[in-house]
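One structure is given here, and the rest of the page talks about it.
Numbering (the numbering used here), first residue to last: 106 to 592.
Structure (structure tokens):
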């Protein structure tokens, strides 16, 4: 388990402050493992009662329908950095403080809803019975509180957990800080992975601001929640990033506005698909908020700041496969001291595979109305389990890749013979690409024409706000551009 969001040294926080931890399940090579769909947190560590699955008024579908085989169970323990075997429990004083904090919130909420209504007899309003040993033990185990749902999405191999540590280091005579030790287990209780965070000093020193964890900072939503449109001019955004209000360049004398130059030491993963959309973690030093990673000549928007040595971004698409230099928009490569510090990211062409997977899922959804794994759908088609009309698609899947575009057209031809009401032609994958996005990038004019005839939505946007027309124009597929312009 890789834990991001905390500096390797000097991290400080307070009991009132949420730390946004990013947990990633990775291989020995540092690549994320997206084999499980969800992560279940310890119920007693979920901060709010309404976020617990048993109390949810409208439980999300995944909480009711997911298979236990697709769920990893998380265990979390707080230990002393100077004495790792020493487990930390919340002290009595902090237990009382947390109880009062919870009670105040409940009372304030009730007062806002209806000032004339008597407070409800909720457990959080009852004074805690310190003589009740079981209750006290449970409260002390709440050294960690997660302000999120009990079951969180883990399909990409990572998740963000807003986390709060509820006791001070000085209450345990800890001089270095607390570490959080995580363990993930599968449905058979087999340990899948473990990992530990860097030390975090939990202090009530209000005056010290050195190396505080960059949490709780909110940027304006408009900065990265609006999709980019085709008429958007990225140069204006780049100019705003490069220049401050006085019109001077923000990088001067080997620094960025007084900060040392940022250095990239490692990318995780270091390769990805040309269509982009996967999350990339940038490790290095001297990172500050406001930096924008650039892959080749394409900025990754947004680039999220986690700590002085960790950034996270979504990989932007690239017109061609191959290695590109990764840099910062605010720090030209000419400022780098040594050429060997240049870090490369390798784009790979996985578009054919992505297109076939999406085509199979489109057919599968038409068959059953459910989103299934592409491999299961392929086995069903090849096996002819559903009906005799599968023969043409089965042949397409078994005859190799001599004419890949024709095989895809044959596969989606099943949509015409399946007598169901499910309309799946505009299905989007994790990158929010439709088949039309990928076909346009590959220059498959015939396939694009077939998809248009079947009523695919021409204007659907991916994670970056790009339509199929953008990809066709960007990759120089003129025939596809003309086809899409005609609609």
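Backbone N, C-alpha and C fix where the C-beta goes; we use that ideal spot for every residue, glycine too.
Three or more beta-carbon pairs separated by less than 8 Å link the stretch 572-579 to the stretch 535-544, which places the two stretches in contact. Taking all protein chains shown into account, residue 172 has fewer than 16 neighbouring C-beta atoms within 10 Å of its C-beta and is therefore exposed. Residue 431 and residue 300 have their C-alpha atoms roughly 28 Å apart. When Cβ pairs closer than 8 Å are counted between the two stretches, the stretch 388-397 is seen not to touch the stretch 456-475, the count staying below three. Inclusion of residue 144 and residue 109 in the CB contact set at 8 Å is not warranted, their separation being larger than that value.
Fewer than three Cβ pairs drawn from the stretch 236-247 and the stretch 113-122 lie within less than 8 Å of each other, which leaves the two stretches out of contact. 194 is the residue among 257, 194, 586 and 211 whose C-alpha sits nearest the C-alpha of residue 279. Per DSSP, the continuous alpha helix (DSSP H) segment holding residue 587 begins and ends at 583-591. With contact defined as three or more Cβ pairs closer than 8 Å, the stretch 420-429 and the stretch 372-384 are in contact. Under the 10 Å beta carbon count, residue 425 is surrounded by fewer than 16 other beta carbons and is classified as exposed. For residue 386, the enclosing beta strand (DSSP E) starts and ends at 384-390. The bridge partners DSSP lists for residue 272 come to none.
In the DSSP annotation of this structure, the continuous segment of the alpha helix (DSSP H) that includes residue 551 starts and ends at 550-558.
In the same chain as residue 551, and ignoring 5 residues on each side of it, the C-beta atoms closer than 7 Å to its own belong to 510 and 514, in chain order.
Each residue's CA atom was taken as its position, placing residue 309 and residue 287 some 25 Å apart. 174 is the residue among 272, 114 and 174 whose C-alpha sits nearest the C-alpha of residue 260. Sequence-distant partners of residue 135 (beyond 5 residues in either direction) whose C-beta falls short of 6 Å from its own C-beta, in its chain, are 373. When only Cα atoms are considered, residue 523 and residue 565 end up about 25 Å apart. Taking the Cα of residue 189 as reference, the smallest distance to any Cα among 281, 433 and 155 is reached at 281. Per the coordinates, the alpha-carbon of residue 158 lies some 49 Å from the alpha-carbon of residue 588.
Excluding the 5 residues flanking it on each side, residue 455 has same chain C-beta neighbours closer than 6 Å at 378, in chain order. A distance of 8 Å or more separates the beta carbons of residue 291 and residue 416.
Sixteen is the threshold: when 16 or more other Cβ atoms of the shown chains lie within 10 Å of the Cβ of residue 128, as they do, the residue is buried. Here residue 405 has 385, 397, 398, 399, 418, 419, 420 and 421 as same chain residues with Cβ atoms under 8 Å from its own Cβ, once five neighbours each way along the sequence are excluded. Residue 206 and residue 447 have their C-alpha atoms some 49 Å from each other. Closest in C-alpha terms to residue 284, from the list 305, 294, 271 and 272, comes 305. Secondary structure note for residue 295: it is in no beta strand (DSSP E), with a DSSP letter that is neither H nor E. Beta-bridge pairing by DSSP links residue 267 to 125. Bounds of any alpha helix (DSSP H) do not take in residue 571, whose DSSP letter is neither H nor E. The straight-line gap separating the alpha-carbon atoms of residue 257 and residue 126 is approximately 13 Å. Here the alpha carbons of residue 183 and residue 409 stand approximately 26 Å from one another. Within the model, the alpha-carbon separation for residue 413 versus residue 269 is close to 20 Å. Within the same chain, and ignoring the five residues on either side of residue 376 in sequence, the residues whose Cβ sits closer than 6 Å to its Cβ are 451 and 453. The Cβ-Cβ distance between residue 539 and residue 468 does not fall below 8 Å. It is roughly 31 Å from the alpha-carbon of residue 570 to the alpha-carbon of residue 508. Contact annotation: residue 149 and residue 210 have beta-carbon atoms that are not nearer than 8 Å.
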